[in-house]
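Residues 1 to 83 (this note's numbering) make up the sequence shown, in order. Heads up: the structure comes next, in structure tokens.
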Amino acid sequence: MKILYFAHFRERANIAEEDIVLPKGVEDVNGLLDWLAARGEGYADAFADRDHIRVAVNQEHVEFDAAVKDGDEVAFFPPMTGG
């Protein structure tokens with residue numbers, strides 16, 4: 001699985017992207033967020049406020065209950081504002 005981090009997620013986790021093997025038992029975005037947040041302080045800080053997290057799986061915006069699997073590309077970014 002490739003994970004991409006944008007904006008403050010990149011800054012707080014101190015990483016732009018990484019390839020991981022999906023941990024056993026992680027089946028959806030919520031589970032992935034829980035697993036990532038448990039990896040350390042930077043990740044915990046990045047994913048603390050889920051109201052301000054947007055996620056895309058394979059370049060499609062999804063909700064936190066969306067399924068994830070090995071081979072997916074998951075991107076985390078803040079809410080978009082327009083003007």
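All residues carry an ideal CB built from backbone N, CA and C; glycine is no exception.
Annotated three-state conformation of E60 is strand, per DSSP.
Taking a 10 Å sphere around the C-beta of A67, we find fewer than 16 other C-beta atoms and assign the residue as exposed.
Between E60 and V29, the gap from beta carbon to beta carbon reaches 9 Å or more.
Nearest to L4 by C-alpha distance, out of D51, E27, K24, L36, is L36. Excluding the 5 residues flanking it on each side, R54 has same chain C-beta neighbours closer than 6 Å at F77, P79, in chain order.
G25 and D34 have their C-alpha atoms roughly 11 Å apart. K2 and D70 have their C-alpha atoms some 9 Å from each other.
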